[in-house]
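Undergrad:
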Amino acid sequence: MAEPLLTAQELTKTFGALKATDELSLEIQSGEIHAMIGPNGAGKTTAIGQLSGELKSDAGTIFFAGRDITRLPMHKRAHLGLARSFQITSIFLNFTAQDNVAMAIQAHDGHSFRFWKPARTDSKLQGPACEVLDKVGLAHRAEIVAANLSHGEQRQLELAMALATNPSLLLLDEPMAGMGIEDSSQMIDLLKSLKGDVTILMVEHDMDAVFALADRITVLVYGKTIATGTPERIHTDPAVRQAYLGGDA
Amino acid sequence: MYFLLFCQQFLNGLQFGVMLFLMASGLTLVFGIMNLINLAHGSLFMVGAYLCATVFQKTGSFLLGLLVALPGAALVGIVVEAVALRKLYTRDHLDQVLATFGLILFFNELTKIVWGPRALFLDVPEALSGTIEIIPGAPYPAFRLAIIAVGIIVAIFLYLMITRTRLGMLIRASATNREIIGALGVNVKLLYTLVFGLGALLAGLAGAMAGPLVSVEVGMGEDILILTFVVIVIGGIGSIRGALVGAILVGLIDTLGRAFLPSFFKLFIDPATADGVGASLASMAIYILMTIILAWRPRGLLPAHG
Amino acid sequence: MPLAGLVLLIGLPPVASVLGETFYIGLFSRVLIYALAAVSLDLILGFGGMVSFGHAAFFGAGAYVVGILAFHGMEESAFISWPFVLMGTDNALISWPLAILTSAGLALLIGAISLRTSGVYFIMITLAFAQMIYFFFTSLEKYGGDDGLSLFARSRIGGLDLNNDATFYYLCLGLLIGFILLSYRLVNSRFGMVIRGSRENETRMGSLGFPTYRYKLVCFVIAGAGAGLSGALIANQTEFVSPSLMHWTVSGEILVMVILGGVGTLLGPVFGAAALLLLEEFLSLYTEHWMLVLGPILIFVILFARRGLYGSIVERIAQNG
Numbered sequence: 105m106a107e108p109l110l111t112a113q114e115l116t117k118t119f120g121a122l123k124a125t126d127e128l129s130l131e132i133q134s135g136e137i138h139a140m141i142g143p144n145g146a147g148k149t150t151a152i153g154q155l156s157g158e159l160k161s162d163a164g165t166i167f168f169a170g171r172d173i174t175r176l177p178m179h180k181r182a183h184l185g186l187a188r189s190f191q192i193t194s195i196f197l198n199f200t201a202q203d204n205v206a207m208a209i210q211a212h213d214g215h216s217f218r219f220w221k222p223a224r225t226d227s228k229l230q231g232p233a234c235e236v237l238d239k240v241g242l243a244h245r246a247e248i249v250a251a252n253l254s255h256g257e258q259r260q261l262e263l264a265m266a267l268a269t270n271p272s273l274l275l276l277d278e279p280m281a282g283m284g285i286e287d288s289s290q291m292i293d294l295l296k297s298l299k300g301d302v303t304i305l306m307v308e309h310d311m312d313a314v315f316a317l318a319d320r321i322t323v324l325v326y327g328k329t330i331a332t333g334t335p336e337r338i339h340t341d342p343a344v345r346q347a348y349l350g351g352d353a
Numbered sequence: 175m176y177f178l179l180f181c182q183q184f185l186n187g188l189q190f191g192v193m194l195f196l197m198a199s200g201l202t203l204v205f206g207i208m209n210l211i212n213l214a215h216g217s218l219f220m221v222g223a224y225l226c227a228t229v230f231q232k233t234g235s236f237l238l239g240l241l242v243a244l245p246g247a248a249l250v251g252i253v254v255e256a257v258a259l260r261k262l263y264t265r266d267h268l269d270q271v272l273a274t275f276g277l278i279l280f281f282n283e284l285t286k287i288v289w290g291p292r293a294l295f296l297d298v299p300e301a302l303s304g305t306i307e308i309i310p311g312a313p314y315p316a317f318r319l320a321i322i323a324v325g326i327i328v329a330i331f332l333y334l335m336i337t338r339t340r341l342g343m344l345i346r347a348s349a350t351n352r353e354i355i356g357a358l359g360v361n362v363k364l365l366y367t368l369v370f371g372l373g374a375l376l377a378g379l380a381g382a383m384a385g386p387l388v389s390v391e392v393g394m395g396e397d398i399l400i401l402t403f404v405v406i407v408i409g410g411i412g413s414i415r416g417a418l419v420g421a422i423l424v425g426l427i428d429t430l431g432r433a434f435l436p437s438f439f440k441l442f443i444d445p446a447t448a449d450g451v452g453a454s455l456a457s458m459a460i461y462i463l464m465t466i467i468l469a470w471r472p473r474g475l476l477p478a479h480g
Numbered sequence: 181m182p183l184a185g186l187v188l189l190i191g192l193p194p195v196a197s198v199l200g201e202t203f204y205i206g207l208f209s210r211v212l213i214y215a216l217a218a219v220s221l222d223l224i225l226g227f228g229g230m231v232s233f234g235h236a237a238f239f240g241a242g243a244y245v246v247g248i249l250a251f252h253g254m255e256e257s258a259f260i261s262w263p264f265v266l267m268g269t270d271n272a273l274i275s276w277p278l279a280i281l282t283s284a285g286l287a288l289l290i291g292a293i294s295l296r297t298s299g300v301y302f303i304m305i306t307l308a309f310a311q312m313i314y315f316f317f318t319s320l321e322k323y324g325g326d327d328g329l330s331l332f333a334r335s336r337i338g339g340l341d342l343n344n345d346a347t348f349y350y351l352c353l354g355l356l357i358g359f360i361l362l363s364y365r366l367v368n369s370r371f372g373m374v375i376r377g378s379r380e381n382e383t384r385m386g387s388l389g390f391p392t393y394r395y396k397l398v399c400f401v402i403a404g405a406g407a408g409l410s411g412a413l414i415a416n417q418t419e420f421v422s423p424s425l426m427h428w429t430v431s432g433e434i435l436v437m438v439i440l441g442g443v444g445t446l447l448g449p450v451f452g453a454a455a456l457l458l459l460e461e462f463l464s465l466y467t468e469h470w471m472l473v474l475g476p477i478l479i480f481v482i483l484f485a486r487r488g489l490y491g492s493i494v495e496r497i498a499q500n501g
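Chains as they are written, first to last, in our numbering: chain S, 105 to 353; chain D, 175 to 480; chain C, 181 to 501.
1) So what does DSSP say about Gly333 of chain S, is it helix, strand or coil?
2) Just to confirm the assignment: which complete alpha helix (DSSP H) runs, minimum length 4, are found wholly within the region 326-364 of chain D?
3) State yes or no: is the beta carbon of Gln210 of chain S nearer than 7 Å to at least one beta carbon in chain C?
4) Against chain D, with Cβ distances strictly below 7 Å, would Ile482 of chain C count as a contact?
5) Residues in the same chain with beta-carbon distance under 7 Å from Thr193 of chain S, minus the five sequence neighbours each way, listed in chain order, please.
6) For the beta strand (DSSP E) holding Pro315 of chain D, just list the boundary residues, first then last.
7) Is the shortest distance between the beta-carbon of Met426 of chain C and the beta-carbons of chain D less than 7 Å?
8) Which of helix, strand or coil does DSSP assign to Ser457 of chain D?
9) Just how far apart, CA to CA, sit Arg384 of chain C and Ser156 of chain S?
10) Determine whether the Cβ of Phe168 of chain S lies closer than 7 Å to any Cβ atom of chain C.
11) Excluding the 5 residues preceding and the 5 following Arg296 of chain C in the sequence, name in chain order all residues of the same chain whose CB lies nearer than 8 Å to its CB.
12) Report the rounded CA-to-CA distance for Ile252 of chain D versus Leu218 of chain D, giving the unit in angstroms.
13) Using a Cβ-Cβ distance cut-off of 7 Å, determine whether Ala223 of chain S contacts chain C.
14) Which residue comes first and which comes last in the alpha helix (DSSP H) that contains Val249 of chain S?
15) Of all the CB atoms in chain D, is at least one closer than 7 Å to the CB of Thr230 of chain C?
16) Looking at the secondary structure, which residues open and close the beta strand (DSSP E) in which Phe167 of chain S lies?
17) Could you tell me which uninterrupted alpha helix (DSSP H) segments, each at least 4 residues in length, are contained entirely in the region 123-198 of chain S, listed from first to last along the chain?
18) Could you run through the region 424-456 of chain D and flag, in chain order, every residue whose CB is less than 8 Å away from some CB of chain C?
19) Closer than 6 Å to a non-hydrogen atom of the ligand FMN - does that hold for the CB of Phe275 of chain D?
20) According to a CB-to-CB cut-off of less than 8 Å, which residues of the region 255-274 of chain S neighbour chain C?
21) For Thr322 of chain S, which of helix, strand or coil comes out of DSSP?
22) Mind checking whether Val245 of chain C and Thr282 of chain C have CB atoms under 7 Å apart?
23) For Ile406 of chain D and Phe195 of chain D, I'd like the C-alpha separation in whole angstroms.
24) Once the 5 residues before and after Thr306 of chain C are set aside, which same chain residues still bring their CB inside 6 Å of it?
25) Decide if Phe309 of chain C is buried, meaning its Cβ has at least 16 other Cβ atoms within 10 Å, or exposed.
26) Grouping DSSP H, G and I as helix and E and B as strand, with all else coil, what is Val388 of chain D?
27) So what does DSSP say about Ser216 of chain S, is it helix, strand or coil?
28) Compute the beta-carbon to beta-carbon distance between Thr367 of chain D and Ala256 of chain D, rounded to the nearest angstrom, for a pair I have assumed lies under 8 Å.
29) Distance, Cα to Cα, Met343 of chain D vs Ile336 of chain D?
30) Using a Cβ-Cβ cutoff of 9 Å, what residues of the region 370-389 of chain C are near chain S? List them in chain order.
31) Does any residue of chain D bring its CB to less than 7 Å from the CB of Ile224 of chain C?
32) Return the chain-ordered list of same chain residues with a C-beta closer than 6 Å to the C-beta of Leu296 of chain D, the five sequence neighbours on each side being excluded.
33) For Glu433 of chain C, report the span of its alpha helix (DSSP H) as first-last.
34) What span of residues does the alpha helix (DSSP H) with Ile306 of chain D cover, start to end?
35) Compare the C-alpha of Pro476 of chain C against each of D:Ala214, D:Phe280, D:Asp266 and name the closest.
36) Which of helix, strand or coil does DSSP assign to Phe370 of chain D?
Below, the structure written as structure tokens:
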């Protein structure tokens, strides 16, 4: 088996008396879509936060593409090819959809200490931004201010921004949160189309999406991994059934 | 000889620290619980001083002055809270800063109109006008010792109140989760008003006690207000323990710095330059302290909630 | 509408002279100078979301550089003898750039420390540092301490006679317009987008890959430089510098100008400066207690007219257009 793209070992994160992440270990293979599931409060977002660099782990290590990134700040991880989308939509509400994506493009187009040329007419930014918007299906809404987009469109924009940074690993935190059936199935198709181009680790509650997309699944309970494997294996795993259904399955 | 001088200045530093603690505890409580940054806190200090001085001039009694100044300042605080500040709780900090800045302008001018632009005279009470040799060989003004004593009493009182009473429990709960308190059926408006009134009372107490030591004049609240901010930043916003530690630290460093830095420099440089450099550095000492502490602990020494 | 304002401003001096009311030229020079300080604050406040309550420190520092150099120029002494010699001078081409550099350097130091914090801490720390600068200057006995320092005449620039009020006025106007144009390019450039993005959602900026601290610091320095320039101008306008220029209430007043005029609009602060200074002038004719009125007015604006004068107009145009 090839070297995993991302390896997390014994990650621990405590908030006061609460151990949100309890010696969590995880391995993501290059090219796969890996889903992280678990009951509410299992610590999934906290785990994503530590992988992306938003939260500093109390203990444990994280290796990405062979490099130890445990101590690396968030913005440096982004430049190594790690991108993240947020569970609670975290876009620039006062900018247009295109501005939002252009910002993501700009982050990886050299330094931004350019004080004179207007960013909105910079083809090096706007061209690629339009392409990404097209890929997620938002091209027709490029000029709309983000605050005026529908919830589903905002989630699409959320994903577009992460994609625009040309990542090798996408950390998606509930990409389909709050979406209706139609939007969800559109998102599932979109994520399917990305397979092979980019590795994905996604947290999701929508089980249909998880089983439709995931190559492997990791189940998280009380900040610990209780099972990892293919969807079929997880589906029949007694520990998993216990965690979700409680008591006898 | 230097030792005695040091002791006196040390006590001065403690006394100054007490003043700052009285101001800081009120301000940090209000910020920790209502998330309100209130620049007009200094005006309450001024109100306390003015009320005490006015009563003193009419009756000759400092004690009577205190008895009027404390509830007076609390009352002014409560009125201001109900009329103006209540609308600011939901606003962002910039709005709060600017609105309370407007309040300062208003209060300063109002004071000037009612009392005139000149400073008021307030004297140390008869009973405390002597000195006490708390350290053998170093007589120290009784009044200043009384201030330190008051500070200790207030600190103990606040500690007991916060840890032992129901009000204190509500205060601690509010500091961690504002929204839940209302849902639990607590009269949030009353709680906020009470807390604000307490802060105002403490500020008024500080002002009244400061009256005999500094000039009672318009604008006296602003200088101490900024020092109070430094205390809170050093101690940690929302934390009374932090306010105490910060206040003592700032009081000591500022007083000892001003007293000894020029002499210290005289050991190396000529007296004239030493005085200048010493004075300049002394005036910047606490800000340098603040910088160092922030570099090490960005949230202050003892922040309220980690 | 800004165009109308510009025409008014350009036409002011000749009109005033004709009417014999040359006092207004001086008054409006002050408006322009404070407008420049306010616009520089708007850069970090309106676009960067950095609530600095210490902007007057850079304003005053710039003024003092000009004042101190002029003082030494008068005495024909050196300001610095080691490691290099810097003689006093009233040459604007030396003292004004130095004023800008000094303020920028000060902003670099203060910003480097303050920007490691945010929210209320940031407000309080910038306030505290400005106060520190204030006390530092009051302790400078050599340069007047509390009483301040007088300049004998305005700075010299080549062939221009700045002691002529009208000439000085047009210079201030030109510099203000220039700064606004530069700021406009700045906020729409890549740098500007980073600053604006950081204001709105700093976490997202970080996760996209921007080291936001760096950019905010540079913005803070640029704003400080702008305030330094306005400080150099005020030293010339009043021919006097004193620590009161960097008293924290001045920081408050500049903040008020930005909010009153419309935060985040670049032109709003100009209106705000005009409104505040003219209001002060006007009210003080009626009563020496005009502060009594100004305080509540300010509170009213904060509570109910958040977008400011210019901001409200811009909003109404956007809604109707």
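Beta carbons are placed, not taken as given, at the ideal position from N, Cα and C, and that holds for glycine.
TA: From the atom records:
1) For the purposes of this step, residue 333 of chain S is taken as the residue at position 229 of the first sequence. Looking at Gly333 of chain S - three-state DSSP - the assignment turns out to be strand.
2) 340-350, 352-357
3) On the first sequence, position 106 is the one that residue 210 of chain S refers to. For Gln210 of chain S, the answer is yes, since a Cβ of chain C falls inside 7 Å of its Cβ.
4) Stepping through the third sequence from its first residue, residue 482 of chain C is reached at position 302. True, the Cβ-Cβ gap to chain D drops below 7 Å.
5) As a position in the first sequence, residue 193 of chain S is number 89, starting the count at 1. So the list reads Gln258, Arg259, Glu262, once near-sequence residues are dropped.
6) As a working note, residue 315 of chain D is residue 141 in the second sequence. Unbroken beta strand (DSSP E) run through Pro315 of chain D: 312-315.
7) For the purposes of this step, residue 426 of chain C is taken as the residue at position 246 of the third sequence. Chain D, which has no Cβ nearer than 7 Å to the Cβ of Met426 of chain C, makes this no.
8) Counted from its first residue, the second sequence places residue 457 of chain D at position 283. Reduced to three states, the DSSP call for Ser457 of chain D is helix.
9) As a first step, residue 384 of chain C must be located in the third sequence, where it is residue number 204. As a first step, residue 156 of chain S must be located in the first sequence, where it is residue number 52. If you take the alpha carbons of Arg384 of chain C and Ser156 of chain S, they lie about 11 Å apart.
10) Within the first sequence, numbered from 1, the residue matching residue 168 of chain S stands at position 64. Judged by the 7 Å Cβ criterion, Phe168 of chain S is not in contact with chain C.
11) Here residue 296 of chain C refers to the residue found at position 116 of the third sequence. Result list for Arg296 of chain C: Tyr393, in chain order.
12) Locating residue 252 of chain D in the second sequence gives position 78, where the first residue counts as 1. Locating residue 218 of chain D in the second sequence gives position 44, where the first residue counts as 1. Going by the C-alpha atoms only, they are around 11 Å apart.
13) As a position in the first sequence, residue 223 of chain S is number 119, starting the count at 1. Closer than 7 Å to some Cβ of chain C, the Cβ of Ala223 of chain S qualifies, so yes.
14) For the purposes of this step, residue 249 of chain S is identified with residue 145 of the first sequence, where counting begins at 1. First-last for Val249 of chain S: undefined, no H or E at that position.
15) Here residue 230 of chain C refers to the residue found at position 50 of the third sequence. This sequence places Met at residue 230 of chain C; Thr is not what is there. Judged by the 7 Å Cβ criterion, Met230 of chain C is not in contact with chain D.
16) For the purposes of this step, residue 167 of chain S is taken as the residue at position 63 of the first sequence. That run of the beta strand (DSSP E) goes 163-168.
17) 148-156, 178-184
18) For the region 424-456 of chain D, the residues whose beta carbon sits under 8 Å from a beta carbon of chain C are, in order, Gly450, Ala453, Ser454.
19) Ligands in the displayed structure: none, and consequently the ligand FMN is not present.
20) Using a CB distance below 8 Å, the part of the region 255-274 of chain S facing chain C consists of Met265, Thr269, ordered along the chain.
21) Walking along the first sequence from the start, residue 322 of chain S turns up at place 218. Residue state for Thr322 of chain S is assigned as strand, using DSSP reduced to three classes.
22) Stepping through the third sequence from its first residue, residue 245 of chain C is reached at position 65. Stepping through the third sequence from its first residue, residue 282 of chain C is reached at position 102. Yes, the pair counts as a contact, with Cβ atoms nearer than the cut-off.
23) In the second sequence, the residue the question calls residue 406 of chain D occupies position 232. In the second sequence, the residue the question calls residue 195 of chain D occupies position 21. Straight-line Cα distance between these residues: approximately 9 Å.
24) Sequence index remark: in the third sequence, residue 306 of chain C carries index 126 (1-based). Excluding residues within five positions, the ones whose Cβ falls inside 6 Å are Ser232, Phe233, Gly234, Ser294.
25) For this step, residue 309 of chain C is matched to residue 129 along the third sequence. Buried: at least 16 other Cβ atoms inside 10 Å.
26) Against the second sequence, residue 388 of chain D aligns to sequence position 214. Coil at Val388 of chain D, not helix or strand.
27) Here residue 216 of chain S refers to the residue found at position 112 when the first sequence is read from its first residue. In the structure shown, Ser216 of chain S sits in coil (DSSP, three-state: anything other than H, G, I, E or B).
28) In the second sequence, residue 367 of chain D corresponds to position 193, counting from 1. In the second sequence, residue 256 of chain D corresponds to position 82, counting from 1. With a Cβ gap of about 7 Å, Thr367 of chain D and Ala256 of chain D count as contacting.
29) As a working note, residue 343 of chain D is residue 169 in the second sequence. As a working note, residue 336 of chain D is residue 162 in the second sequence. Rounded to whole angstroms, Met343 of chain D to Ile336 of chain D spans 6 Å at the Cα level.
30) Arg370, Phe371, Gly372, Met373, Val374, Arg376, Gly377, Glu380, Asn381, Thr383, Arg384, Met385, Gly386, Ser387, Leu388, Gly389
31) Against the third sequence, residue 224 of chain C aligns to sequence position 44. Judged by the 7 Å Cβ criterion, Ile224 of chain C is not in contact with chain D.
32) For the purposes of this step, residue 296 of chain D is identified with residue 122 of the second sequence, where counting begins at 1. Within the same chain, Leu296 of chain D has close Cβ partners Ala227, Phe230, Gly385, Pro386, Val390.
33) Your numbering for residue 433 of chain C matches position 253 in the third sequence. For Glu433 of chain C, the enclosing alpha helix (DSSP H) covers residues 428-441.
34) One-based indexing of the second sequence puts residue 306 of chain D at position 132. Premise fails: Ile306 of chain D lies in the beta strand (DSSP E), 305-309, not in any alpha helix (DSSP H).
35) Residue 476 of chain C sits at position 296 when you count from the first residue of the third sequence. Nearest option by C-alpha distance: D:Phe280.
36) As a first step, residue 370 of chain D is located in the second sequence; it is residue number 196 there, counting from the start. Helix at Phe370 of chain D.
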